[in-house]
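The structure appears below as structure tokens.
Chains as they are written, first to last, in this note's numbering: chain A, 1 to 114; chain B, 115 to 222.
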């Protein structure tokens with residue numbers, strides 16, 4: 001199993017600003033994932049962040065809007081840039097190979113953009 | 115057809131009842147399937163995995179019907195603590211698709 005923490009747990013931000021979300025895992029992992037869960041919706045994968053390589057973004061998500069860092073095997077950040085109200089969502093990081101294994105999720109960051 | 119489809123519910127059932135949810139998937143090449151549970155304002159957590167015909171864990175039974183391309187989750191003897199949203203997860207190659215979830219409310 002993996003224990004994951006995220007900071008901040010929630011934030012209220014102004015339009016046009018940026019927020020960086022941190023994800024810390026209690027063990028070394030190769031694959032880390034960032035998801036978004038909009039109100040009343042399911043989880044949508046934003047990108048996969050593997051240490052030592054550029055993040056891989058899913059269709060509809062771009063690096064300029066959601067830059068990701070993965071400096072080591074236990075940590076990652078996701079930045080939500082130039083925010084608009086449409087970015088209001090819960091952002092979750094996770095670890096584990098979702099194709100074959102259990103995925104462990106962080107507690108999420110609840111973002112509200114005014 | 116959506117890649118993964120679930121009835122959003124809510125399913126309101128009395129304590130002790132048996133309830134079942136279905137999840138349909140569009141790509142027949144999918145080999146493994148998962149049910150996650152998400153409590154209100156919490157992160158999803160794995161409930162069961164389904165790799166072949168089915169899986170049973172106590173009051174919970176997950177079954178796979180490849181011919182009709184759906185998986186089901188059966189909960190027997192419902193408890194108040196079973197109230198949550200149940201997410202169907204279908205991986206395929208490099209991609210993982212989450213269903214929108216089925217909300218269950220168990221009523222005293």
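Built from N, CA and C at the ideal position, the CB exists for glycine as well.
Short of 6 Å from the beta carbon of residue 110 of chain A, and not among the five residues preceding or following it, lie these beta carbons of its own chain, in chain order: 10 and 90. Apart from sequence neighbours up to five positions away, the residues of its chain that approach residue 70 of chain A with a beta-carbon distance below 6 Å are 49, 51 and 76, ordered along the chain. The beta carbon of residue 58 of chain A sits closer than 6 Å to those of 45, all from its chain and outside the five residues before and after it, given in chain order. Taking C-beta separations shorter than 7 Å and ignoring five residues to either side along the sequence, the partners of residue 12 of chain A in its chain run 112 and 114, following chain order. Annotated three-state conformation of residue 194 of chain B is helix, per DSSP.
Residue pairing by DSSP places residue 58 of chain A in no beta bridge whatsoever. Check the Cα spacing between residue 135 of chain B and each of B:200, B:167 and B:143: the tightest is with B:200. For residue 152 of chain B, the enclosing beta strand (DSSP E) stretches over residues 147-152. Between residue 149 of chain B and residue 64 of chain A, the alpha-carbon positions lie close to 33 Å from each other. Annotation for residue 196 of chain B: 189, 218 and 220 place their beta carbon closer than 7 Å to its own, counting only its chain and skipping 5 residues before and after. Chain A places no beta carbon closer than 8 Å to that of residue 117 of chain B, leaving this residue out of the contacts. Per the Cβ contact rule, the stretch 178-188 of chain B is in contact with the stretch 119-137 of chain B (3 or more Cβ pairs under 8 Å). Residue range 133-139 is occupied by the beta strand (DSSP E) that includes residue 139 of chain B.
Secondary structure note for residue 216 of chain B: its beta strand (DSSP E) is the uninterrupted segment 216-221.
Secondary structure of residue 86 of chain A (DSSP, three-state): helix. In the DSSP secondary-structure assignment, residue 68 of chain A is bridged to A:78. The beta carbon of residue 34 of chain A lies closer than 6 Å to those of 46, 47, 78 and 93 in the same chain, with the five residues before and after it left out.
Chain A has no Cβ within less than 8 Å of the Cβ of residue 164 of chain B.
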